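Notes follow once the structure below has been shown.
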Amino acid sequence: MDVAIIGGGIAGLTTAWLLKRAGKKVAVLEMHRILSGQTGQTTAHLTELLDTPYTTLIQDFGDKGAHLAASSSRAAIEQIASLVESLSIDCGFSRVPAFKYARTDRELRDLVLEVSAARQVGLLASFTKDVPLPFPVKGALRVEDQALFHPREYLLALADAIPGDGCHLFENTKVVEVHDGAPCRVVTERGTVTAQAVVEATTTPLNRVAMHTKLYAYRTYAVAGPLEGPLEAGQYYDSQEPYHYIRTQQVDGVPYVIVGGEDHKVGAEEDTASRFTALEDYAVRHLPVKRLTHRWSGQIIEPADGLPFIGRNVGRRHVYVATGFSGTGMTFGTLAGMVVSDLILGNEDPYAALYAPGRVKPKASAKDFIQENADVAFRFVADRLARPDGHHLADVAPGEGKILEVEGHKVAVYREDDGTAHAVSPVCTHLGCHVHWNNAERSWDCPCHGGRFSPTGRVLNGPALKDLPSRKLPVK
Ligand code: FES
Numbered sequence: 001m002d003v004a005i006i007g008g009g010i011a012g013l014t015t016a017w018l019l020k021r022a023g024k025k026v027a028v029l030e031m032h033r034i035l036s037g038q039t040g041q042t043t044a045h046l047t048e049l050l051d052t053p054y055t056t057l058i059q060d061f062g063d064k065g066a067h068l069a070a071s072s073s074r075a076a077i078e079q080i081a082s083l084v085e086s087l088s089i090d091c092g093f094s095r096v097p098a099f100k101y102a103r104t105d106r107e108l109r110d111l112v113l114e115v116s117a118a119r120q121v122g123l124l125a126s127f128t129k130d131v132p133l134p135f136p137v138k139g140a141l142r143v144e145d146q147a148l149f150h151p152r153e154y155l156l157a158l159a160d161a162i163p164g165d166g167c168h169l170f171e172n173t174k175v176v177e178v179h180d181g182a183p184c185r186v187v188t189e190r191g192t193v194t195a196q197a198v199v200e201a202t203t204t205p206l207n208r209v210a211m212h213t214k215l216y217a218y219r220t221y222a223v224a225g226p227l228e229g230p231l232e233a234g235q236y237y238d239s240q241e242p243y244h245y246i247r248t249q250q251v252d253g254v255p256y257v258i259v260g261g262e263d264h265k266v267g268a269e270e271d272t273a274s275r276f277t278a279l280e281d282y283a284v285r286h287l288p289v290k291r292l293t294h295r296w297s298g299q300i301i302e303p304a305d306g307l308p309f310i311g312r313n314v315g316r317r318h319v320y321v322a323t324g325f326s327g328t329g330m331t332f333g334t335l336a337g338m339v340v341s342d343l344i345l346g347n348e349d350p351y352a353a354l355y356a357p358g359r360v361k362p363k364a365s366a367k368d369f370i371q372e373n374a375d376v377a378f379r380f381v382a383d384r385l386a387r388p389d390g391h392h393l394a395d396v397a398p399g400e401g402k403i404l405e406v407e408g409h410k411v412a413v414y415r416e417d418d419g420t421a422h423a424v425s426p427v428c429t430h431l432g433c434h435v436h437w438n439n440a441e442r443s444w445d446c447p448c449h450g451g452r453f454s455p456t457g458r459v460l461n462g463p464a465l466k467d468l469p470s471r472k473l474p475v476k
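The UniProt record's numbering puts the first residue of the sequence shown at 1, with every later residue one more than the last.
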């Protein structure tokens, strides 16, 4: 095999397709079903409006770096447009404007600066007071030629095109070890794949430490419902904290609105379900929607200096990573496929240096780096010393998960709706922090680097590779 690609989301599938198109033999290894990871939770904005403002990118990466960030995002949107056309993919790809709007004078002052930074780096950006939203705003940064699509329809078509000509797509194939070398060895629960190169397209890298001090995991939420009044197709972002966004979507000819945001650090919210309530309130108060028929949440990985890490992993010869996409996973996931496939093929890539995982941008990352890693160190110690939620099975209601202390040891106990109980170790198999219960998703989430486990301890997403071991249930 030429390349083993771990992860069947947008970054993995795009990398696989671009390498296959160039004549390489690839194998995609997906732990569950394809698109079941963070790609399956996306709200799919294809945009040059990145989570890090262009005023900040110019300051931290210089005019040239900020230009490249903008032009690479544009290139990713055009890559999707070209694949939609060349593979005749019916995924509702459409060009729409994006608006970042201000509701207060203070937000407006920052926004005016951002308009001029966006224009400076080459976006088709302007300031407007004419924002097609059904509530008053002070003004907005408007960017032309952004895009919406149905990510699942697009990616299923891409996945269909991968098997054949020596290429494979393996689902339900969990990777347990990755060995760099010539060749590399990827050990899965179903056998070992040898390859000249390995790509970890796994939201967050699988290695033990190297990148994780520069990556911070956040939960994000979305709700959707049928529109009961007009809302112009587009992408809309507010400037608040926690922030919200709005986008339109046609579903079987019915116009829907999707509202997302209310992000928080993994493990930092006791009642994750309350974030859905907050989003639903926001949607009903601001938009012509009465019934929110869908809700889901996902995980985003924030990079320390504001841009993703894409390229050969630090200290590795043939292992590549693609991570830290913030809230722009579809755009950066596509870009990751472009950059990593260029690097593996030995092509000159205009964006590779900007996104190199080994780059050092102390000015850009220092504040968050210190704060976020202090938080990890705090969690590592504090959660071990924290008082348990109880001592008895009776302290855990059906449908809940709690940390109990039994015979001097902490156990993570979950009870199904019918009362059946499961007990696992609360110690995350990545680097040993204690997991927290996520009541909205019914999962055990690790606050340190975002590892997630099912109620019975199965790995849902990395960086952890091993399940949480079972523990003896408390007697009563
Ligand atoms: S300790 Fe790193 S994800 Fe849990």
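Note that CB positions come from ideal geometry on N, CA and C, so glycine has one too. Small disclaimer: the values here were computed from a predicted structure and weren't measured.
For V112, the number of other beta carbons within 10 angstroms of its own is below 16, and it is reported as exposed.
Along the length of the region 46-132, whole alpha helix (DSSP H) runs at least 4 residues long occupy 54-86 and 105-120, reported in chain order.
For P205, the closest of V193, A182, V178 and E189 by C-alpha to C-alpha distance is V178. Counting C-beta atoms within 10 angstroms of its own C-beta, H449 has 16 or more neighbours from the protein chains shown and is therefore classed as buried. Contact between V198 and V187 is ruled out by a C-beta separation of about 11 Å, above the 8 Å threshold. The three-state reading of DSSP puts K214 in helix, counting H, G and I together.
Contact between A352 and G315 is absent: CB atoms are separated by about 17 Å, not below the 8 Å threshold. If only uninterrupted alpha helix (DSSP H) runs of at least 4 residues are considered, those enclosed by the region 234-295 are 273-286. In this structure, ligand 1 has a non-hydrogen atom nearer than 7 Å to the beta-carbon of L431.
DSSP, reduced to helix, strand and coil, places D180 outside both helices and strands of the structure shown, so it counts as coil.
DSSP, read as helix, strand or coil, puts R312 in strand. For a cut-off of 8 Å, the C-beta gap from P426 to V411 is around 7 Å, short enough to register as a contact. In this structure N439 does not touch T220 by the C-beta definition: roughly 16 Å separates them, more than the 8 Å allowed. For H449, the distance from the CB to the nearest heavy atom of ligand 1 is below 7 Å. A distance criterion of 7 Å places the beta-carbon of P463 in contact range of ligand 1, judged by its closest non-hydrogen atom. Taking C-beta atoms as the reference points, E114 and T55 count as a pair closer than 8 Å. When the five nearest sequence neighbours on each side are left out, no beta carbon in the same chain lies closer than 6 Å to the beta carbon of E85. For S443, there is no enclosing alpha helix (DSSP H); the residue is found in the beta strand (DSSP E) stretching over S443 to D445. Of the residues assessed, H294 falls on the exposed side of the cut-off, its CB having fewer than 16 other CB atoms within 10 angstroms. Bridge partners of Y221 according to DSSP: G261 and S297. In this model, A66 and E232 are separated by some 30 Å (Cα to Cα).
Distance between T429 and V96, taken at the CA atoms: about 43 Å. Put simply, of Y243, L431, I5 and L50 the residue whose alpha carbon is nearest the alpha carbon of M330 is L50. Within the DSSP secondary-structure output, E302 pairs in a beta bridge with Y216. In the DSSP assignment, E144 falls within the beta strand (DSSP E) that extends over G139 to L148. Take the alpha-carbon of G164 and the one of A336: they are about 23 Å apart. Residue side-chain check: C428 places its Cβ nearer than 7 Å to a non-hydrogen atom of ligand 1. P226 sits in a strand when the DSSP states are folded into three classes. Taking 8 Å as the cut-off, the Cβ atoms of L19 and S341 count as close. Linking L141 to Q120 through their CA atoms gives a straight-line distance of about 13 Å. Look at C184: its beta carbon is at least 7 Å from all of the heavy atoms in ligand 1. Distances between the C-beta of C91 and the heavy atoms of ligand 1 are all 7 Å or more. Sixteen is the threshold: since fewer than 16 other Cβ atoms of the shown chains lie within 10 Å of the Cβ of R285, the residue is exposed.
DSSP lists W444 as the beta-bridge partner residues of W437. With respect to K402, W437 sits close: the two C-beta atoms are nearer than 8 Å. Spanning the alpha carbons of E405 and R415 requires a straight line of approximately 16 Å.
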